[in-house]
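S.K.:
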Amino acid sequence: MKITRKEFLELSGLSVLAAGALHAVHAVKAEETSHPAGAQADPPKKQMALAIDLRKCRQRLGCNLCSAACNAAHNVPQFSDPRHQVKWIWSEPFAEVFPLDQNGYTRRNYTGSPLPILCNHCDHPPCVEVCPTGATWKRAEDGVVMMDWHRCIGCKYCITACPYDARSFNFSDPRTALQQVNPDFPTRTLGVVEKCDFCAERLAKGEPPACVEACPEKAIVFGDVHDASSEISKALEESYSLRRKPELGTGPNVFYFL
Amino acid sequence: MSLIEKTLAGGRRYWLWLGFLAVLMVMALLGWVQEQQVGLGITDLSRNMPWGLYIGQFIFCVGVGDAALVVMLPYYLHHWRAYAKVALLGQILGTVGVILAMLFIFVSMGKPVRLINVLLYPHPRSLIFWDMLTLSGYVILTAIIIFRLLIAEQEHSAPPLWTQRLVLLSFPWAVGIHTVTAFLLCGLVARPYWFTALLAPRFLASALTAGSAMLVLILLLLKRLELFDAEEDALRRLATTAAYCLVVHVFFTLVEFFNVFYGGVPQEVEHVDYLYGGLTATSPVAPWMWLSAVLALVALLVLLVPALRQRTPLLLAACTSAVISIWIEKGFGMLVGGFEPSPFGATPPYVPDFSEWKVAAGIWALGAFLVTLMYKIVFSVRKEAES
Ligand code: SF4
Ligand code: SF4
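Keeping their order, the protein sequence lines are chains A and B.
As numbered in my numbering, residues 921 to 1178 make up the first sequence, in order.
As numbered in my numbering, residues 128 to 514 make up the second sequence, in order.
Dropping the structure here:
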């Protein structure tokens, strides 16, 4: 065994160098790639966003027309076991959605009432960062965070990485939990992850997301926040809004007016 | 070919043992097929715990990979003669550990048939991509090493220089697989329990402890079965290694606790609190975490005092305690602490289902199976070389 410590150190140094070089090569490659997964490199030209006016939403406590419309449009399976539910847009109490944005004296009116939550189509989505296959990616043209249900390997890394619980795994066959199937939208299979896609299929036809259309109070505004003249940009300029956990640096694009 | 034939010559005890392991493996296979057909919903995994026992075992098994480091490095770099016969056994254990780690990821997936997508659409920003490369690379690298070292023993010669160079390459690689595994978790802003730069060093410390303690246990067992007579000196040195690593492991854990509790940021405190039963009255994981803590301290006491660790029964007890302690902490607590309480403060208990235990037991059985076969080859080669 004639290997000296010096040789070993040289060898380890070499492997560190090699790893560094590899990293650089990959970084370059990531910039070149035209696959949507590389889209984090430049910010999208447009960034679709959603603003929910809770002042209006609170007018109809217990209403779930937005999620009902979404579920019907996207064949979202309705599992009874809460541990295995699949959710695209749903309600949680204010106090749990914004645990840090209240104090012990906040009016019960705010903290007790449920509010709709969904995927935030983040500026820097950790789910996209961690996905090993590019089955979820941020669309370059409008910033929508998309899913490819045929590519997803069901590793659930994205669920682990999303700070907002916005992703659901199909623990059972989703087709068995559908009362009615919308033939215009695909159903999913066992073992893949799904989430809100900002109604990419409707955006393609120039229609607003289903939840926006379904709300009788017109509490949800949808549009491009990079366009200063859009309805949503104006609304955000006018009233103070909250986002979920902005301190994490994910840049959520769902806003709430109190 | 002749190497493989050596696994076929064995007594009754040998075949019974292999048969027993085979039964466990078949049960696991059936359990896994069912999980894939019916869905992972039949396990206790849920929205809150998308990863559970399997990923925990994955972390622990990557740690077993470091069993190779604790004997191979001193032997090939520092020429500790005491490890002349033990080094190869440690390398085999380590390689099998990493194979198991990969299997644990595999069974945790919802669509494993699509695994190839990771290579078809490589996404180098994902740590899973790197984990897959480094783990499989390590197995290939060390399989070559093991094979070549065996040939060298058969031929009574020193391994060729290229093999020795590969051995050296395997050292930083072994550190690398555990670092990448820690990076898998510690870069996630969503999970405060993992979001600490100390995670990779902690993983390494616990892995080196568990690896060396496990090796001591295996050597004691082999001695008892009169299959391999490890030198006293080798056992003593391994026990010392385990002692030092355990000290570092406990130190790192306490450092983390200080940071969390003295700082007192609620999002950080609640996870540790949940693990040790401070957050909810009914945390099924709390008794286990306390058991893990007590076992670590017992092992620490025995391993630190030379007069104690030199007594074989005590050494046996200490190493068993250390392995179980780390198995609970890394193989289970790590995951529960990461996910509970959920972003909404929910704490539905996670208790791995029978199906999960069955699959996990089968994978471990496969590990024991592979180790048995490989050790069998090593011992036969050595016997032939001697005569
Ligand atoms: S909310 Fe979650 S799922 Fe949606 S883009 Fe952000 S990290 Fe991804
Ligand atoms: S579960 Fe699917 S979408 Fe999520 S990270 Fe894995 S492959 Fe990507």
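Quick reminder that beta carbons are idealized off the backbone N, C-alpha and C, glycines included.
Is residue 969 of chain A a contact residue of ligand 1, with contact defined as CB to any heavy atom under 7 Å?
M.R.: It does not: the Cβ of residue 969 of chain A is nowhere closer than 7 Å to a heavy atom of ligand 1.
S.K.: Please work out which residues of its chain come closer than 8 Å, Cβ to Cβ, to residue 295 of chain B, disregarding the five sequence neighbours upstream and downstream, and give them in chain order.
M.R.: Counting only Cβ-Cβ distances below 8 Å, and skipping sequence neighbours, we find 203, 204.
S.K.: Suppose the cutoff is 6 Å on Cβ atoms and the five residues either side in sequence are ignored; what does the same chain contact list for residue 956 of chain A look like?
M.R.: Note on residue 956 of chain A: pLDDT 47, under 50, position unreliable in the model; no value is reported.
S.K.: Measure from the C-beta of residue 197 of chain B to each C-beta in chain A and report whether the shortest distance is under 8 Å.
M.R.: Residue 197 of chain B does not count as touching chain A.
S.K.: For residue 344 of chain B and residue 193 of chain B, I'd like the C-alpha separation in whole angstroms.
M.R.: The alpha-carbon atoms of residue 344 of chain B and residue 193 of chain B are separated by roughly 15 Å.
S.K.: Would you say residue 229 of chain B faces chain A, with C-beta separation under 8 Å as the test?
M.R.: With 8 Å as the cut-off, residue 229 of chain B does not count as an interface residue toward chain A.
S.K.: Quick one: does residue 1107 of chain A have its CB under 8 Å from some CB of chain B?
M.R.: No, residue 1107 of chain A lies away from the interface with chain B (no Cβ there is under 8 Å from its Cβ).
S.K.: Along the segment 1083 to 1105 of chain A, where does the CB come closer than 9 Å to a CB of chain B? Name the residues.
M.R.: Listed by position, the residues of the segment 1083 to 1105 of chain A near chain B (Cβ gap below 9 Å) are 1083, 1084, 1085, 1087, 1088, 1089, 1090, 1091, 1092, 1093.
S.K.: Using a Cβ-Cβ distance cut-off of 8 Å, determine whether residue 468 of chain B contacts chain A.
M.R.: Answer no: the Cβ-Cβ gap between residue 468 of chain B and chain A never drops below 8 Å.
S.K.: Determine the DSSP secondary structure at residue 306 of chain B, reduced to helix, strand or coil.
M.R.: Reduced to three states, the DSSP call for residue 306 of chain B is helix.
S.K.: Any chance you could list the residues with Cβ under 6 Å from a heavy atom of ligand 1, keeping chain order?
M.R.: Result (chain order): A:1039, A:1040, A:1041, A:1042, A:1045, A:1046, A:1047, A:1065, A:1082, A:1084, A:1086, A:1087, A:1115, A:1170.
S.K.: Go through its chain and collect everything with a Cβ distance to residue 1011 of chain A's Cβ below 8 Å, but skip five positions before and after it.
M.R.: So the list reads 984, 987, 1034, 1035, 1036, 1037, once near-sequence residues are dropped.
S.K.: Exposed or buried, what is residue 1117 of chain A when buried is set at 16 or more other beta-carbons lying within 10 Å of its beta-carbon?
M.R.: Classification for residue 1117 of chain A: buried.
S.K.: So which residues of chain B does residue 1081 of chain A contact, with C-beta pairs closer than 7 Å?
M.R.: What residue 1081 of chain A touches in chain B: 315, 317.
S.K.: DSSP has residue 1034 of chain A in a bridge; who is on the other side?
M.R.: In the DSSP output, where bridge partners are listed per residue, residue 1034 of chain A has A:1013.
S.K.: Per DSSP, which residues does residue 972 of chain A bridge with? Please list them.
M.R.: Residue 972 of chain A is bridged to A:1140, A:1176.
S.K.: Suppose you measure from the CA of residue 474 of chain B to the CA of residue 246 of chain B; what does that come to, to the nearest Å?
M.R.: Each residue's alpha carbon lies about 36 Å from the other.
S.K.: Below 6 Å CB to CB, which residues in the same chain sit around residue 312 of chain B once its five sequence neighbours on both sides are set aside?
M.R.: For residue 312 of chain B, where only same-chain residues beyond five positions count, the Cβ hits under 6 Å are 321.
S.K.: DSSP puts residue 1114 of chain A in a beta bridge; with which residues?
M.R.: Per DSSP, A:1088.
S.K.: Is the shortest distance between the beta-carbon of residue 265 of chain B and the beta-carbons of chain A less than 8 Å?
M.R.: Chain A contact via Cβ: absent.
S.K.: Note down, in chain order, all residues in the segment 137 to 156 of chain B with a beta-carbon under 9 Å from any beta-carbon belonging to chain C.
M.R.: Going by chain labels, chain C is absent from the structure shown, which instead holds the protein chains A and B.
S.K.: Evaluate contact between the segment 393 to 407 of chain B and the segment 349 to 366 of chain B, counting only Cβ atoms and requiring at least three cross-stretch pairs below 8 Å.
M.R.: No, the segment 393 to 407 of chain B is not in contact with the segment 349 to 366 of chain B.
S.K.: For residue 379 of chain B and residue 328 of chain B, which I take to be in contact (beta-carbon distance under 8 Å), what is that distance rounded to the nearest angstrom?
M.R.: Their Cβ separation, rounded to whole angstroms, is 6 Å, which keeps residue 379 of chain B and residue 328 of chain B in contact under 8 Å.
S.K.: With a threshold of 8 Å between beta-carbons, can residue 1073 of chain A be considered close to chain B, or not?
M.R.: Yes, residue 1073 of chain A counts as interfacial toward chain B.
S.K.: Quick one: is the Cβ of residue 498 of chain B within less than 7 Å of any heavy atom of ligand 2?
M.R.: No, ligand 2 has no heavy atom inside 7 Å of this Cβ.
S.K.: Going along chain B in order, which residues have a C-beta closer than 8 Å to the C-beta of residue 1004 of chain A?
M.R.: Going along chain B in sequence order, the residues near residue 1004 of chain A (Cβ under 8 Å) are 168, 173, 174.
S.K.: Listed in chain order, which residues of the segment 1050 to 1061 of chain A have Cβ atoms closer than 8 Å to some Cβ of chain B?
M.R.: Listed by position, the residues of the segment 1050 to 1061 of chain A near chain B (Cβ gap below 8 Å) are 1050, 1051, 1052, 1053, 1054, 1055.
S.K.: Under 7 Å: does the beta carbon of residue 1119 of chain A sit that close to some heavy atom of ligand 2?
M.R.: No, the beta carbon of residue 1119 of chain A sits no closer than 7 Å to any heavy atom of ligand 2.
S.K.: Can the beta-carbon of residue 461 of chain B be found closer than 8 Å to that of residue 232 of chain B?
M.R.: No, these two residues do not count as a Cβ contact at 8 Å.
S.K.: Compare the beta carbon distance of residue 244 of chain B and residue 1080 of chain A with 8 Å and say whether it is the shorter of the two.
M.R.: Result no, Cβ atoms of residue 244 of chain B and residue 1080 of chain A do not sit closer than 8 Å.
S.K.: Skipping 5 residues on each side, what residues in its chain have a beta carbon closer than 7 Å to that of residue 953 of chain A?
M.R.: Reliability of the predicted coordinates at residue 953 of chain A is poor, the pLDDT of 38 falling under 50, and no value is obtained from them.
S.K.: Sorted by chain position, which residues of the same chain lie with C-beta nearer than 6 Å to residue 948 of chain A's C-beta, five sequence neighbours on each side aside?
M.R.: With a pLDDT of 40 at residue 948 of chain A, under the threshold of 50, the modelled position of that residue is not reliable, and no figure is offered here.
S.K.: Take every Cβ of the segment 444 to 459 of chain B, pair it with every Cβ of the segment 410 to 425 of chain B, and state whether three or more of those distances are shorter than 8 Å.
M.R.: Segments in contact, yes.
S.K.: DSSP has residue 1065 of chain A in a bridge; who is on the other side?
M.R.: In DSSP, residue 1065 of chain A forms a bridge with A:1058.
S.K.: In three-state DSSP terms, what is residue 419 of chain B?
M.R.: Helix at residue 419 of chain B.
S.K.: Would residue 515 of chain B and residue 308 of chain B qualify as a contact pair, given that the criterion is a beta-carbon distance under 8 Å?
M.R.: Since the first and last residues shown for chain B are 128 and 514, residue 515 of chain B lies out of range.
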